[in-house]
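Heads up, the thing below is written out as structure tokens.
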Amino acid sequence: MILSENSSGNVFGFENEQFESMVEGAEDDLSCARTSSGIYDLQVKDGDDWPMVEKKGNQFVVNGQPFYVNGFNTYWLMVFAADQSTRGKVSEVFQQASSVGLTVCRTWAFNDGQWRALQKSPSVYDEEVFKALDFVVSEAKKYKIRLILSLTNNWEAYGGKSQYVKWGKAAGLNLTSDDEFFSHPTLRSYYKAHVKAVLNRVNTFTNITYKNDPTIFAWELMNEPRCTSDPSGDTLQSWIQEMVVYVKSLDAKHLVEIGLEGFYGPSAPDRTQFNPNSYATQVGTDFIRNHQALGVDFASVHIYADSWISQTISDAHIQFTESWMESHIEDAEKYLGMPVVFAEFGVSTKDPGYNSSYRDTLFTTVYKTLLNSTKKGGSGAGSLLWQLFPDGTDYMDDGYAIVLSKSPSTSNIISLHSTRIAMFNSMCSWKYHWGCKKRNSLEAFLYHDDL
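As structure tokens, this is what we get:
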């Protein structure tokens, strides 16, 4: 959204002095921005009147007003909720996320044939695990956190496409590659049945059908889909198109995204220069083409310089992050006309050369790049850090976990970003224009260099 100025000396309906006090007050609040009763509450509605998030052009909106994705990943919530001894950690992570102003969580709505499986075999579900997912959704609503629910995995963790292939082989299908998940009609039907089961699920805590629940921000087709057996991208493109249309046929209300990492493919050879390495062009994904599939509402991109370029931390990782983000924001505006969410980003504490200062620099880079897009009305629609853990779950840490109580500097950066976004959204929602002098004052607060 581009905010224009007027000559009335009024700012969103307030006198200049009132507005100046608001800005100063917001700045004063930064030291206590982690309280859940702070400026973040400006964008939270009371009661049960919580509308769906929608897309308007290249931005997200709620009731016609801007909605910025400011969130985190915690993939294991359903599995923890399935055990009463760990269920409290679900509430804990939502409470802690809310305390620093995070409003969207991405998590798994699948566990295929694994320990504590949701789907034990095709279309056969463990009701207790489904109730655990119900609990996750109900707790998210309680803490005013919206969910992106991913429906299966490209990787073997929690089952994913390899488990579907195992089920197919057990049923007598002649399958030779995990990538046949994308092409074999029987495996496609297994996946569709899972989609139908989740979308039509009636939550046992709220009595709301998932496909009608505004707590759910979006459906994600798959976590990081790749089809390396077909680098042309045709196989994956066909699967994406079929599955997006199918999801929309069951649920026309919610947004749908693919779950891509963002690698450029054959359809845009001039953009492959932005890929982190030559292999990224060969994994069967194609950022622009994939997101042009009918029914896809917004683009997703992941950022892992330490995995894709080199494990050893260097300034080149920050440079890559900036160019990677800027190229995708530009493409979302120029070719796609949709928002883009950087749905995973982070750095591992296990990397050679890692220190907390580097992580803070990475987070600052991501947030600042997005704010630069936001203030221009661009397609940069938000981000989800990988990953937020509550206290006492360190044994699950893959190196990327952030425990807020143990990461004060990173926590402060998240809080500051949340404060700015909440204030920006609130200013926009008042639907007034504002004077040039005070506009500059607010922009200095929202976008200044020492984010």
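In our numbering, the protein residues as written are 81 to 531. C-beta atoms are modelled at their ideal positions from N, C-alpha and C, and glycine is treated no differently. Owing to the predicted nature of the structure, the values given are computational and were not obtained by experimental measurement.
Item	Value
Beta bridge counterpart(s) of Glu-300 as assigned by DSSP	Ser-230 and Glu-337
Beta-carbon separation (whole angstroms), Leu-253 vs Thr-232, contact threshold 8 angstroms	Wrong, their Cβ atoms sit about 18 angstroms apart, outside the cutoff.
Pairwise C-alpha distance: Ile-225 and Ser-178	7 angstroms
Gln-145 (DSSP reduced to helix, strand or coil)	strand
Short Cβ contact (9 angstroms threshold) for Pro-470 with Val-173	yes
Tyr-475 - DSSP class collapsed to helix/strand/coil	helix
Status (buried if at least 16 other CB within 10 Å, exposed otherwise) for Trp-195	exposed
Cβ-based neighbour list, Glu-341, same chain, cut-off 6 angstroms, excluding 5 preceding and 5 following	Glu-304 and His-382
Contact check, Thr-401 vs Ala-412, beta carbons under 9 angstroms	no
Sufficient close CB pairs (3 or more, under 8 angstroms) joining the segment 161-170 to the segment 205-218	yes
C-alpha distance - Tyr-238 paired with Ala-251, whole-angstrom precision	20 angstroms
CA-to-CA distance, Leu-451 to Leu-531, given in whole angstroms	Any reading at Leu-531 needs caution, since the residue's pLDDT is 44, under 50, leaving its predicted position unreliable; the model's value is listed next. Approximately 10 angstroms between the Cα atoms of the pair.
Thr-284 to Leu-182 span [Cα, whole Å]	26 angstroms
Cβ-Cβ separation, Glu-236 to Ser-242 (assumed contact under 8 angstroms), whole Å	5 angstroms
C-alpha gap between Ser-390 and Asn-370, whole angstroms	27 angstroms
From Pro-202, Thr-473 and Asp-377, residue whose alpha carbon lies closest to that of Trp-247	Pro-202
Contact under 9 angstroms by Cβ, Met-132 with His-334	yes
Straight-line Cα distance separating Phe-504 from Trp-268	A small correction: the amino acid at residue 268 is Arg; Trp does not occupy that position in the sequence shown. Roughly 43 angstroms between the two C-alpha positions.
For Leu-122, three-class secondary structure by DSSP	Interpretation of Leu-122 is limited by its pLDDT of 39, a score under 50 that renders its predicted location unreliable; no figure is taken from the coordinates.
Distance, Val-483 Cα to Asp-310 Cα	39 angstroms
Where the alpha helix (DSSP H) containing Ser-242 begins and where it ends	240-250
Where Glu-337 falls, given that 16 or more other Cβ within 10 Å makes a residue buried	buried
Secondary structure of Tyr-205, DSSP reduced to three states	strand
Whole-angstrom distance between Ser-394 and Ala-332, CA atom to CA atom	44 angstroms
7 angstroms CB neighbourhood of Leu-255 in its chain, flanking five on each side removed	Val-245, Gly-248, Lys-249 and His-264
Exposure of Gly-426, with buried meaning 16 or more beta-carbon neighbours within 10 Å	buried
Selected residue, minimal CA-CA separation from Ala-502, among Gly-151, Gly-137, Lys-135 and Ser-257	Gly-151
Cβ shell of Tyr-438 (< 6 angstroms), same chain only, five flanking positions each side left out	Ile-393
Proximity to Trp-466 [Cα-Cα], best of Asn-153, Trp-130 and Asn-138	Asn-153
Residue range of the unbroken beta strand (DSSP E) whose run includes Leu-465	460-466
Boundaries (first-last residue) of the alpha helix (DSSP H) holding Glu-402	395-411
Whole-angstrom distance between Gly-433 and Gly-375, CA atom to CA atom	43 angstroms
Three-way DSSP call (helix, strand, coil) for Val-103 in this model	With a pLDDT of 37 at Val-103, under the threshold of 50, the modelled position of this residue cannot be trusted; read the value that follows with caution. It is helical.
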